[in-house]
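What follows is a single structure, written as structure tokens, with notes after it.
Numbering (UniProt numbering), first residue to last: 1 to 344.
The structure is reproduced here in structure tokens:
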């Protein structure tokens, strides 16, 4: 008999606790071991029960989700998935929670009490499984700092950088984008799988702390050097000529924005003068785009397994045979700077 994933459900609404618990208990490989109706009770139960995964409401009385996360950080091995309603306060708290160690988040479909919470069931149970499996990663041995699949000595100048990320991406992207120099002299385009509304808060958060102007992309924006363009949730971001374009064409890999959409358009525009980066995330979005970028002679970096929250997207990219360099997250910004400036 296999061991079920033990989940603690935290929400101030009795209705939401019941609905979320029913969704989780309907899966054969997971079970709700308890619930909590506010932040103070949640802290006590997390530390007492040490569940595998906690679904944690963002906005609650007594202590909100962020305060709970801070209180249990380093005191439990439980992975935390934030459940957030789309409010300016909720999105800001959610992004801070991801920054300090939450595994991922789910957007409630229609506010703090979502009668249609079943809409996100598939997404939630998938993330619970990934969260549990991330606890099993071998933390005993750090991989070597750099693994190359090809001898990398880019002879082409770099005219643009494209980056794709999903689960675990907001924290890594923040750490990369806020340390890049302000005179990189190229535009940077970023797709982070994230719902509408959250991408705006994410862009603003980076912009406050980055040397480069960072903004949520809008349709028909003229592309400028030393700017970071974040794809808005709900839209694909592509490059046409000297402009950023947004479109509502169907999802790819179940997501919009999709990394592949950006990568294909950037490959056609910048050809061999393009640097692509694939970071932590579920699924295989970006792998086809990596092939296309390599077909044009571009350069590709992938995050390593050890530092990836979920080694899905980087693994799929690596398996194409097109990745030039594999790096831990804390080496990526320096490598981008070195390659863009031709310091080899």
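We put the CB at the ideal spot given by N, CA and C, even for glycine.
Just confirm the distance between the C-beta atoms of residue 227 and residue 245, as a whole number of angstroms; I'd bet it's less than 8 Å.
Under the criterion of beta carbons closer than 8 Å, residue 227 and residue 245 do not qualify as touching, at roughly 16 Å.
Leaving out the 5 sequence neighbours to the left and right, which residues in its chain are closer than 6 Å to residue 124 when beta-carbon positions are compared?
106
When the Cα atoms are used, what is the spatial distance from residue 182 to residue 273?
20 Å
State whether the stretch 41 to 50 contacts the stretch 15 to 22, with contact taken as three or more CB pairs (one from each stretch) at a distance under 8 Å.
no
Kindly confirm or deny that the stretch 197 to 216 and the stretch 236 to 255 touch, where touching means at least three C-beta pairs closer than 8 Å.
no
How big is the Cα-Cα spacing for residue 354 and residue 225?
Nothing about residue 354 can be reported from this structure: the residues present for the chain run from 1 to 344 only.
Near residue 195, what residues of its chain come up, given a Cβ to Cβ distance below 6 Å and the 5 sequence neighbours on each side ignored?
Answer for residue 195: 107 and 233, listed in chain order.
Could you check which residue in 331, 291 and 192 has the C-alpha nearest to that of residue 164?
192
Going by Cα to Cα distance, which pick from 221, 285 and 63 is closest to residue 302?
285
If you compare alpha carbons, which of 271, 189, 266 and 174 is closest to residue 207?
Taking each of 271, 189, 266 and 174 in turn and checking the Cα distance to residue 207, the smallest one comes out for 174.
Flag this pair as touching only if the stretch 26 to 35 and the stretch 56 to 70 have three or more C-beta atom pairs under 8 Å; answer yes or no.
Contact fails: fewer than three Cβ-Cβ distances are below 8 Å.
Would you call the stretch 93 to 107 in contact with the stretch 256 to 265, where contact means no fewer than 3 C-beta pairs closer than 8 Å?
no
Which value, in whole angstroms, describes the spacing of the CA atoms of residue 267 and residue 24?
41 Å
For residue 262, report the span of its alpha helix (DSSP H) as first-last.
Here the alpha helix (DSSP H) through residue 262 covers 259 to 270.
According to DSSP, simplified to helix, strand and coil, what is residue 15?
It is helical.
From what residue to what residue does the alpha helix (DSSP H) around residue 128 run?
121 to 134
Leaving out five residues before and five after residue 345 in sequence, what residues of the same chain have Cβ atoms less than 6 Å from its Cβ?
The displayed coordinates of the chain run from 1 to 344. Any statement about residue 345 would go beyond what the structure contains.
Check for me: the alpha helix (DSSP H) holding residue 204 runs from which residue to which?
Counting along the chain, the unbroken alpha helix (DSSP H) around residue 204 starts and ends at 198 to 209.
Can you name the residues that DSSP bridges to residue 302?
278 and 326
For residue 170, collect the residues of the same chain with a Cβ closer than 8 Å to its Cβ; drop the 5 residues on either side in sequence, then sort them by chain order.
95, 98, 99, 192, 194 and 202
For the beta strand (DSSP E) that contains residue 84, what are its first and last residues?
Per DSSP, residue 84 belongs to the beta strand (DSSP E) from 79 to 84.
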